[in-house]
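So the structure is just underneath, and the comments pick up after that.
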């Protein structure tokens, strides 16, 4: 975990996203930053596309694997996950599971 | 292995250095000038600051408000107001410390590392990001000028043109003909003209049922064609017709005085004409040979750095990013990859492998959405589609699937604009 400890994280207001210096963390963030296009900033999107934060880590990992491996139907997720590896799915699930839905400010 | 606990620490900021300490070093830090306030530019500015809070990031936006092309077709069809696709840069300034300058970049000096603005000021940069979008090629269609667009709107840059086309549709008599002309590839938002035709057909079917919508296309093929054609047959039979380029759809000239649109084979006198003209990269991205005289800019796949000039990156519609289409989604993810590359390059660290995906939703009707996807990786400094990632909504699907994708389209818009502007 030492390398994670070195990770550069910038906290600006409610935002806790950064590239970091740890290669695995940086790769995870890069993938997560593409998830957020549809699932909203930090995965806390609104509307019909589900928010992905605060779920059980194992359940989320299994859901992503099931989409990718064709065991679960979806609209766009089964195709978009084609290039995502086992370890990347694990890391994404850990990242989004660690984020909690935020109470609405304002 | 990354554990849930370590992410919790990260997410709660337990390990984070303070923003203040990095700000104190800002004097010595690099300046990145980002040109263009759309999905590419705004996203890049934000993610540069997220990637390195000590960077001096200046965003050059042409106006204080950004009006998006995504969902402007819904505005044209009267489904939602223009304010619903209008965004500001206030949050980017306030929350991320981005300096926003409202101007247009007019010149670039890649040797001196200078960008000149429309107000005459000059900005120096360590790295520049150009995300200026498109420019319409006036005169490429015989008779189509800036003046002509006040009568036959293009509405391919959202704003007053969007409202003009909306007003014309409202004022059009029942029984009027709407003509939409579509150029050859490449152009901004490949499925956009077909979504527009669909939603206009939806509007006239509701409000002017004797009116017709005619697409005059320069091409024989287009994205999601089978899905659009099937949906049109189901929803707009007798209202919407598409004419392929080889069947006489190719626009030859327009005559504003006579109100005529002429193709290879026929002449039309529409009540409303929407001319989507050929396009090229906006002027600033065609300076100093950036487009090699070809209208669009070649870039390196991992960094989106210009293939012509160093320290200048080009993203979004102005860049050649095949197989990533000229979409808002594409511009947003290119911006993030570019920002990550710039942060690494300025630290003399290896550039991370970019993560690039795209999804384009199109509304064929308010409750009928279709989509196309792709995911991409870099191979031999070229972007390639990841096997199995490209595809569309199924041709045969129950109404509930179409309705769900329409809901997803709205949700996508809310979330991508939040990701880009807040």
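Protein chains in written order, with our numbering: chain C, 1 to 106; chain W, 1001 to 1422. Each residue gets a CB set at the ideal place from its N, CA and C atoms; glycine is no exception. All values derive from a computational prediction rather than experimental measurement.
is_contact[residue 76 of chain C, chain W] using C-beta, thresh 8 Å | Taking Cβ atoms only, chain W reaches closer than 8 Å to residue 76 of chain C, which makes this a yes.
Any C-beta of chain C under 8 Å from that of residue 1068 of chain W = Residue 1068 of chain W does not count as touching chain C.
DSSP beta-bridge partners of residue 1177 of chain W = The partner list for residue 1177 of chain W (beta bridge, DSSP) reads W:1212.
Does the distance from the C-beta atom of residue 1204 of chain W to that of residue 1239 of chain W stay below 8 Å?
-> Yes.
Just curious, the beta strand (DSSP E) that residue 1313 of chain W is in, first and last residue?
-> Judged by DSSP secondary structure, residue 1313 of chain W falls within the beta strand (DSSP E) whose first and last residues are 1312-1314.
What is the DSSP secondary structure of residue 1362 of chain W, counted as helix, strand or coil?
-> DSSP places residue 1362 of chain W in strand when its eight states are reduced to three.
Going along chain C, which residues have a C-beta under 7 Å from residue 1389 of chain W?
-> Contacts between residue 1389 of chain W and chain C, judged by CB atoms closer than 7 Å, involve 79, 80, 82 and 83 in chain order.
Pair within 8 Å by beta-carbon distance, residue 1059 of chain W and residue 1108 of chain W | Against a cut-off of 8 Å, the Cβ pair of residue 1108 of chain W and residue 1059 of chain W comes out as no contact.
Can you tell which of W:1213, W:1208 and W:1242 has the C-alpha that lies nearest to the C-alpha of residue 1220 of chain W?
-> The residue with the shortest Cα to Cα distance from residue 1220 of chain W is W:1242.
CB of residue 1183 of chain W within 8 Å of CB of residue 1155 of chain W, strictly = A distance of 8 Å or more separates the beta carbons of residue 1183 of chain W and residue 1155 of chain W.
Is it true that the CB of residue 1115 of chain W sits closer than 8 Å to the CB of residue 1123 of chain W?
-> Inclusion of residue 1123 of chain W and residue 1115 of chain W in the CB contact set at 8 Å is warranted, their separation being smaller than that value.
What do you reckon, are the CB atoms on residue 82 of chain C and residue 68 of chain C nearer than 8 Å?
-> Result yes, Cβ atoms of residue 82 of chain C and residue 68 of chain C sit closer than 8 Å.
Below 6 Å CB to CB, which residues in the same chain sit around residue 100 of chain C once its five sequence neighbours on both sides are set aside?
-> For residue 100 of chain C, where only same-chain residues beyond five positions count, the Cβ hits under 6 Å are 54.
Is any beta-carbon of chain C found at less than 8 Å from that of residue 1007 of chain W?
-> Unreliable placement is indicated for residue 1007 of chain W, whose pLDDT of 49 sits below 50; no coordinate value is reported for it.
In angstroms with no decimal places, state the Cα-to-Cα distance between residue 1045 of chain W and residue 1098 of chain W.
-> Taking C-alpha positions only, residue 1045 of chain W is separated from residue 1098 of chain W by approximately 7 Å.
If you scan the stretch 1301-1338 of chain W from start to end, which runs of the alpha helix (DSSP H) of 4 or more residues do you find wholly inside it?
-> If only complete runs of 4 or more residues are kept, the stretch 1301-1338 of chain W shows no alpha helix (DSSP H) anywhere.
Any Cβ of chain W within less than 8 Å of the Cβ of residue 31 of chain C?
-> Using a CB distance cut-off of 8 Å, residue 31 of chain C counts as an interface residue toward chain W.
Paired residues, beta bridge with residue 1122 of chain W - DSSP | DSSP output for residue 1122 of chain W lists W:1116 as bridge partner(s).
For the stretch 1315-1342 of chain W, enumerate the residues whose C-beta is nearer than 8 Å to any C-beta of chain B, in chain order.
-> Among the chains of the structure shown, chain B does not appear; the protein chains present are C and W.
Under the three-state reduction of DSSP, which class applies to residue 1025 of chain W: helix, strand or coil?
-> Low per-residue confidence applies at residue 1025 of chain W: pLDDT is 43, beneath 50, and the placement is therefore not dependable enough to give any value.
Selected residue, minimal CA-CA separation from residue 1216 of chain W, among W:1049, W:1096 and W:1180 | Answer by Cα proximity: W:1180.
Should the stretch 1353-1372 of chain W be called in touch with the stretch 1323-1331 of chain W, which here means at least 3 C-beta pairs below 8 Å?
-> Output reads yes: the stretch 1323-1331 of chain W touches the stretch 1353-1372 of chain W.
What did DSSP end up calling residue 1264 of chain W once you bin it into helix, strand or coil?
-> The answer is coil: DSSP assigns residue 1264 of chain W none of H, G, I, E or B.
Mapping DSSP to helix, strand and coil, what is residue 1235 of chain W?
-> Collapsing the DSSP output to three states places residue 1235 of chain W in a helix.
Please report how far the alpha carbon of residue 1025 of chain W lies from the alpha carbon of residue 1153 of chain W, in whole angstroms.
-> Because residue 1025 of chain W carries a pLDDT of 43, less than 50, the predicted location of this residue cannot be relied on, and no value is offered for it.
Beta-carbon gap between residue 1407 of chain W and residue 97 of chain C smaller than 8 Å = At least 8 Å separates the beta-carbon of residue 1407 of chain W from that of residue 97 of chain C.
State the DSSP-derived secondary structure class of residue 1172 of chain W, mapped to helix, strand or coil.
-> In this structure, residue 1172 of chain W counts as coil in the three-state DSSP scheme.
Neighbourhood of residue 1033 of chain W by C-beta, 6 Å cutoff - its chain only, sequence neighbours within 5 removed = Non-local C-beta neighbours of residue 1033 of chain W in its own chain, meaning closer than 6 Å and more than five positions away in sequence, comprise 1058, 1115, 1123, 1125 and 1128, ordered along the chain.
When we look at the beta-carbon of residue 71 of chain C and count the other beta-carbons within 10 Å, is it buried (16 or more) or exposed?
-> Exposed, since its Cβ has fewer than 16 Cβ neighbours within 10 Å.
Could you tell me whether the Cβ atoms of residue 1178 of chain W and residue 31 of chain C are closer together than 8 Å?
-> Between residue 1178 of chain W and residue 31 of chain C, the gap from beta carbon to beta carbon reaches 8 Å or more.
If the cut is a Cβ gap below 7 Å, which residues of chain W does residue 26 of chain C touch?
-> Chain W residues near residue 26 of chain C: 1352.
Closest to residue 1149 of chain W by CA distance: which of W:1267, W:1386, W:1375 and W:1273 is it?
-> Across the set W:1267, W:1386, W:1375 and W:1273, the C-alpha of W:1273 shows the shortest separation from the C-alpha of residue 1149 of chain W.
Three or more beta-carbon pairs under 8 Å between the stretch 1294-1314 of chain W and the stretch 1339-1346 of chain W, yes or no?
-> By the Cβ test, the stretch 1294-1314 of chain W is in contact with the stretch 1339-1346 of chain W, since at least three Cβ pairs between them sit closer than 8 Å.
For the stretch 1380-1398 of chain W and the stretch 1248-1259 of chain W, state whether three or more C-beta atom pairs, one from each stretch, are separated by less than 8 Å.
-> With fewer than three CB-CB distances shorter than 8 Å, the stretch 1380-1398 of chain W does not count as touching the stretch 1248-1259 of chain W.
If you run the structure through DSSP and keep just helix, strand and coil, what is residue 1108 of chain W?
-> In the structure shown, residue 1108 of chain W falls within a strand segment according to DSSP collapsed to helix, strand and coil.
Would you mind stating whether residue 1040 of chain W and residue 1315 of chain W have Cβ atoms separated by less than 8 Å?
-> Residue 1315 of chain W is positioned such that its CB atom lies closer than 8 Å to that of residue 1040 of chain W.
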